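Chemist: Chains as they are written, first to last, in the numbering used here: chain A, 1 to 86; chain B, 87 to 777.
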Amino acid sequence: MTATAMDELELDIRGQVCPSTLLTTLKEVNGNFERLKAGTLRLVVKTDARDATGTIPPMVKSMGFAVSVLKEQGYYMIVIGKEQQA
Amino acid sequence: MNDMHATAGPGAEAEIARLREENAHLRDWQARSIRYIRDKVDQLLGVVGTVPLRPEELDDEMLLSLDPIGIVSATFVRILENLRETNEELALARDEIGAIFQAAGNGIMVLDSQGRVLSYNAKLRELFLPEGVDLVGRCCSGLICTPEVRHEACVFDMVMRSGAAASCRKWCLAGRYFDVVGSPIKNQSGEIEQVVLVYNDITERIRSEQALADAKARLATIFEAVPAGIVLIDAQSHRIVDANQHALQMLELPREKVFGAECFSHICAKDHAGCPITDGGKSIDTTECTLERAGGTSVPILKTVAPVMLGDRLYLLESFLDIADRKQAEEAMRQALAEAEDARGKMDGILQSVADPLIVTDSEQRIILMNRAAEELLGICLYNSQGLALDQVISDVRLLEALRGDLTEESRVDVALPAAGGGEWIYQGSTSPLLSADGLISGMITVLRNVTQEREIERMKSEFVSTAAHELQTPLAAIIGFSELLMNQREDLTPELEQQSLGYIYDKADLLSKIVDDLLDISRIESGRALELYVSECELTPLIEQVVRPYRNRPGPHLFKLHLPGESRRVRVDRRKLEQILDNLLSNAYKYSPEGGLIRMTVQCSDELLKVSVEDQGIGMTPEQRSRIYDKFYRGDASNTSIGGTGLGMSITKYFVEAHGGRIWVESEPGLGTKVSFELPMQPRPEADFD
Numbered sequence: 001m002t003a004t005a006m007d008e009l010e011l012d013i014r015g016q017v018c019p020s021t022l023l024t025t026l027k028e029v030n031g032n033f034e035r036l037k038a039g040t041l042r043l044v045v046k047t048d049a050r051d052a053t054g055t056i057p058p059m060v061k062s063m064g065f066a067v068s069v070l071k072e073q074g075y076y077m078i079v080i081g082k083e084q085q086a
Numbered sequence: 087m088n089d090m091h092a093t094a095g096p097g098a099e100a101e102i103a104r105l106r107e108e109n110a111h112l113r114d115w116q117a118r119s120i121r122y123i124r125d126k127v128d129q130l131l132g133v134v135g136t137v138p139l140r141p142e143e144l145d146d147e148m149l150l151s152l153d154p155i156g157i158v159s160a161t162f163v164r165i166l167e168n169l170r171e172t173n174e175e176l177a178l179a180r181d182e183i184g185a186i187f188q189a190a191g192n193g194i195m196v197l198d199s200q201g202r203v204l205s206y207n208a209k210l211r212e213l214f215l216p217e218g219v220d221l222v223g224r225c226c227s228g229l230i231c232t233p234e235v236r237h238e239a240c241v242f243d244m245v246m247r248s249g250a251a252a253s254c255r256k257w258c259l260a261g262r263y264f265d266v267v268g269s270p271i272k273n274q275s276g277e278i279e280q281v282v283l284v285y286n287d288i289t290e291r292i293r294s295e296q297a298l299a300d301a302k303a304r305l306a307t308i309f310e311a312v313p314a315g316i317v318l319i320d321a322q323s324h325r326i327v328d329a330n331q332h333a334l335q336m337l338e339l340p341r342e343k344v345f346g347a348e349c350f351s352h353i354c355a356k357d358h359a360g361c362p363i364t365d366g367g368k369s370i371d372t373t374e375c376t377l378e379r380a381g382g383t384s385v386p387i388l389k390t391v392a393p394v395m396l397g398d399r400l401y402l403l404e405s406f407l408d409i410a411d412r413k414q415a416e417e418a419m420r421q422a423l424a425e426a427e428d429a430r431g432k433m434d435g436i437l438q439s440v441a442d443p444l445i446v447t448d449s450e451q452r453i454i455l456m457n458r459a460a461e462e463l464l465g466i467c468l469y470n471s472q473g474l475a476l477d478q479v480i481s482d483v484r485l486l487e488a489l490r491g492d493l494t495e496e497s498r499v500d501v502a503l504p505a506a507g508g509g510e511w512i513y514q515g516s517t518s519p520l521l522s523a524d525g526l527i528s529g530m531i532t533v534l535r536n537v538t539q540e541r542e543i544e545r546m547k548s549e550f551v552s553t554a555a556h557e558l559q560t561p562l563a564a565i566i567g568f569s570e571l572l573m574n575q576r577e578d579l580t581p582e583l584e585q586q587s588l589g590y591i592y593d594k595a596d597l598l599s600k601i602v603d604d605l606l607d608i609s610r611i612e613s614g615r616a617l618e619l620y621v622s623e624c625e626l627t628p629l630i631e632q633v634v635r636p637y638r639n640r641p642g643p644h645l646f647k648l649h650l651p652g653e654s655r656r657v658r659v660d661r662r663k664l665e666q667i668l669d670n671l672l673s674n675a676y677k678y679s680p681e682g683g684l685i686r687m688t689v690q691c692s693d694e695l696l697k698v699s700v701e702d703q704g705i706g707m708t709p710e711q712r713s714r715i716y717d718k719f720y721r722g723d724a725s726n727t728s729i730g731g732t733g734l735g736m737s738i739t740k741y742f743v744e745a746h747g748g749r750i751w752v753e754s755e756p757g758l759g760t761k762v763s764f765e766l767p768m769q770p771r772p773e774a775d776f777d
């Protein structure tokens, strides 16, 4: 796990399976909730557990964040950030 | 343990047993707690939709250190917090929508799938509902629209049939127009639960559109009907973008040839310097220029250019009128004006050349014209008196009456007006009606002719007739009397008396002959015929002696003296005329001299002149009488009938003297006497009209 100076926190949990991936991600979201909510931080989760793409996004959306899932080579990248105001 | 058992007593054994039991209990309790935690974690994970935790994936110790319940709880707290915020936002949005719903300018109505009204806003109530009527829970059909209208275009039905938004444009109800838009609200199953109908009142827009369409139609009609060419020109390119029919007719070109053409190719082609077109319509100008027709002819036009903004683009509206007729009319009018001016000049010339005062008045007796003579007579000038009533500028009552004569009749009247040098002049005012071109009387022309001299001559002629009759009658009476005497009593007369009677008859006949000669002479003079002089050389002294003899020998109270030159001279004269001159002068001297008065005749000769003067000591003459002594029929004292004479003698004398190239003059003072002198050239003047 590395945090870039560019207000982006990368959480590489490849190798984990559900529900660990979900719990690990939620723990990280809760720990950085204020910065994520303020829009000064973006959390990028890398996972190779396909099920995680079905559990993480709804939970994080329910917390009021914007989520996008990108299919990368051999893993998924779930980007969590502040929901853009309409 | 065994050591403890070996050394411990029975109490220790019990304690160990208790501890074992307690340990087992604790292990059991822990196992149950872990199981409980795992169950709850799995339950929570199930809620969030993921698989349960597997013990082999996360042992008990890692489970506790990871604290999944704490993670999920914290997550749920965040979710709940987010939901609360979302709810707050939704409530706010609902309030906003509610406010918008009520404040919307359009009528909005929400129906359920059965067509019953769920809600509607204030505008809808204002548009469709009578006071006190509530739609909620009722079907709108029949309450808003009539069955006929609903049958034709019920947007609710359209939405329900199509399952999608529908609209109806220009839906008309009770004279008002609406755009109606219906939108479905569907449930999760895609079934329509509600329909929102929005009524946009477009009546004013429709009316505005109609008014705009009418205005456009009117404008188009005017554009085409106006009897002037109108073209619309792009201000930048100067190209014609529109033209009315009249313009096309004037250009003799079809629409397609005119549209797109540069305006200067047809209008003001030869000279368009200063045209408002060239400065983009900054100036608005009306000028006369020419329009080039397709056939090659030019038409004079009056052109007006005005800028107009259509949309955001500047155009120039150029209108032009065919002024060929006007030009011709102007030329005709200019010629007419010139002719009128010429006629006026001629008339003015004629007016001014009329020597007699002439005044023209209108039907209201206001002065229109007068000539210079009239200005001088009346002491006014036309410039100041034109348009004024006669009584404003003329104070003489008789003249006013003459000028105000009946417009319908010609009349003549004599008016005595003060003369310039004192005294009076008599003017004969002749009035004639001034007729307009259509024969109506529009005023009066009055000519004032100075008839003072005519009236005087008439008076003198009248006197002359009386005098001449008397002059003829006296000798005739004597002739008749003596003739009767000779005829009836001749045998009774002595030879001397008979001779004396014949002498009387001769003298009186001679007197009559002289009177008749005078009349014939004056008649010749009056007729303007040249006086015939029969010049011959004659001896002066015998001639004078012959004339003087009757006067010298005449018995009477007068003294007569004759002064003759020392030696007789020969003169070239008309002997009879000279005798008549001398006789007239002597006759007058005798007639007007008192008893005992001296009459002196003096005759002087030089190489050039014969001068004769006849002087008396008679009643003399005033300056006025002296100035008129040569007037025909004038007698110095006409009132004294005892003094005979026709009043022609001095007039004839002057004429005879001047016919000889001589001159005559009079010196006289009232009561002192009169001296009449004349000079004749000794030799006839070359220019004298002698035979």
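Think of the CB as a built atom: it goes at the ideal place given N, C-alpha and C, for glycine as much as any other residue. Note that the coordinates shown come from a computational prediction; the quantities given were computed from them, not determined experimentally.
Quick one, which residues of the region 16 to 30 of chain A are near chain C if we go by CB-CB under 8 Å, in chain order?
Modeler: Although the question refers to chain C, the structure presented lacks it and instead comprises the protein chains A and B.
Chemist: Comparing C-alpha positions only, which one of A:Gly81, A:Glu10, A:Ile80 and A:Lys71 sits nearest to Ala49 (chain A)?
Modeler: A:Lys71
Chemist: Tell me, please, whether the CB atom of Ser62 (chain A) is closer than 8 Å to any CB atom in chain B?
Modeler: yes
Chemist: Using a Cβ-Cβ cut-off of less than 7 Å, list which residues of the region 125 to 137 of chain B approach chain A; keep chain order.
Modeler: Leu131, Val134, Gly135, Thr136 and Val137
Chemist: Would you list the residues sitting across from Ala475 (chain B) in a DSSP beta bridge?
Modeler: B:Arg452
Chemist: From what residue to what residue does the beta strand (DSSP E) around Arg412 (chain B) run?
Modeler: Per DSSP, Arg412 (chain B) belongs to no beta strand (DSSP E); it is in the alpha helix (DSSP H), Ala410 to Ser439.
Chemist: Give me whichever residues DSSP pairs with Leu444 (chain B) in a beta bridge.
Modeler: B:Val533
Chemist: Residues of the region 168 to 180 of chain B in Cβ contact with chain A at a cutoff of 8 Å, in chain order, please.
Modeler: Asn168, Leu169, Glu171 and Thr172
Chemist: Rounded to whole angstroms, how far is the Cβ of Glu549 (chain B) from the Cβ of Arg721 (chain B), which I believe are closer than 8 Å?
Modeler: 7 Å
Chemist: Applying a beta-carbon distance threshold of less than 7 Å, which residues of chain A neighbour Pro154 (chain B)?
Modeler: Simply Leu23.
Chemist: Using 8 Å as the Cβ pair cut-off and three pairs as the minimum, do the region 202 to 212 of chain B and the region 240 to 254 of chain B touch?
Modeler: Segments in contact, no.
Chemist: Report buried or exposed for His352 (chain B), applying the criterion of at least 16 other Cβ atoms within 10 angstroms of its Cβ.
Modeler: It counts as buried.
Chemist: Straight-line CA distance for Cys354 (chain B) to Ala303 (chain B)?
Modeler: 31 Å
Chemist: Provide the residue span of the alpha helix (DSSP H) that contains Pro628 (chain B), from first to last.
Modeler: Leu626 to Asn639
Chemist: Distance check for Ile591 (chain B) and Asp777 (chain B), CA to CA, integer angstroms please.
Modeler: Caution applies to Asp777 (chain B), whose pLDDT of 40 falls short of 50 and renders its modelled position unreliable; the model cannot decide the point.
Chemist: Residues of the region 51 to 79 of chain A with a CB closer than 8 Å to any CB of chain B: list them in chain order, please.
Modeler: Asp51, Gly54, Thr55, Pro58, Met59, Ser62, Met63 and Gly64
Chemist: Between which two residues does the alpha helix (DSSP H) containing Arg42 (chain A) stretch?
Modeler: From DSSP, Arg42 (chain A) is part of no alpha helix (DSSP H) but of the beta strand (DSSP E) over Arg42 to Thr47.
Chemist: Please list the partners that Glu143 (chain B) has in chain A, where partner means a Cβ-to-Cβ separation under 8 Å.
Modeler: Val17 and Ser20
Chemist: Residues in the same chain with beta-carbon distance under 6 Å from Leu455 (chain B), minus the five sequence neighbours each way, listed in chain order, please.
Modeler: Val446
Chemist: Using a Cβ cut-off of 7 Å, pull out every chain A residue sitting near Ala160 (chain B), in sequence order please.
Modeler: Asn30
Chemist: Look at the alpha carbon of Leu150 (chain B) and the alpha carbon of Gln274 (chain B), and state the distance between them as a whole number of angstroms.
Modeler: 41 Å
Chemist: Quick check: the Cα distance between Ser599 (chain B) and Asp428 (chain B), rounded to an integer number of angstroms?
Modeler: 60 Å
Chemist: Is Trp257 (chain B) buried or exposed, if buried means 16 or more other CB atoms sit within 10 Å of its CB?
Modeler: buried
Chemist: In whole angstroms, what separates the C-alpha of Gln575 (chain B) from that of Ala563 (chain B)?
Modeler: 17 Å
Chemist: Less than 8 Å between C-beta atoms, sequence neighbours within five positions excluded: which residues of the same chain meet that for Glu623 (chain B)?
Modeler: Arg656, Val657 and Arg658
Chemist: Please classify Asp682 (chain B): is it buried, with 16 or more other beta-carbons within 10 angstroms of its beta-carbon, or exposed?
Modeler: Note that residue 682 (chain B) corresponds to Gly in the displayed sequence, not to Asp. Burial call: exposed.
Chemist: Under 8 Å Cβ-Cβ, which residues of chain A neighbour Ile778 (chain B)?
Modeler: As shown, chain B starts at 87 and ends at 777. That puts residue 778 (chain B) outside it, with no answer to give.
Chemist: Within 8 Å (strictly less), CB to CB, does Ile123 (chain B) reach chain A?
Modeler: no
Chemist: In the DSSP assignment, find the alpha helix (DSSP H) that holds Thr21 (chain A) and state where it starts and stops.
Modeler: Per DSSP, Thr21 (chain A) is one residue of the alpha helix (DSSP H) stretching across Ser20 to Gly31.
Chemist: Are there three or more Cβ pairs, one per stretch, closer than 8 Å when the region 624 to 639 of chain B is compared with the region 736 to 754 of chain B?
Modeler: no
Chemist: Are Leu463 (chain B) and Leu521 (chain B) closer than 8 Å when you measure CB to CB?
Modeler: no
Chemist: Between the alpha carbons of Arg461 (chain B) and Ser471 (chain B), how many angstroms are there, rounded?
Modeler: A small fix is needed here, since residue 461 (chain B) is Glu in this sequence, not Arg. Taking the straight line from one Cα to the other gives about 10 Å.
Chemist: Suppose you measure from the CA of Leu131 (chain B) to the CA of Trp115 (chain B); what does that come to, to the nearest Å?
Modeler: Distance from the CA of Leu131 (chain B) to the CA of Trp115 (chain B), rounded to the nearest whole angstrom, comes to 24 Å.
Chemist: Tell me, please, whether the CB atom of Leu139 (chain B) is closer than 8 Å to any CB atom in chain A?
Modeler: Closer than 8 Å: yes.
Chemist: Is the Cβ of Ile183 (chain B) closer than 8 Å to any Cβ of chain A?
Modeler: no
Chemist: The alpha helix (DSSP H) with Met707 (chain B) in it runs from where to where?
Modeler: Premise fails: Met707 (chain B) is in no alpha helix (DSSP H) and is neither H nor E.
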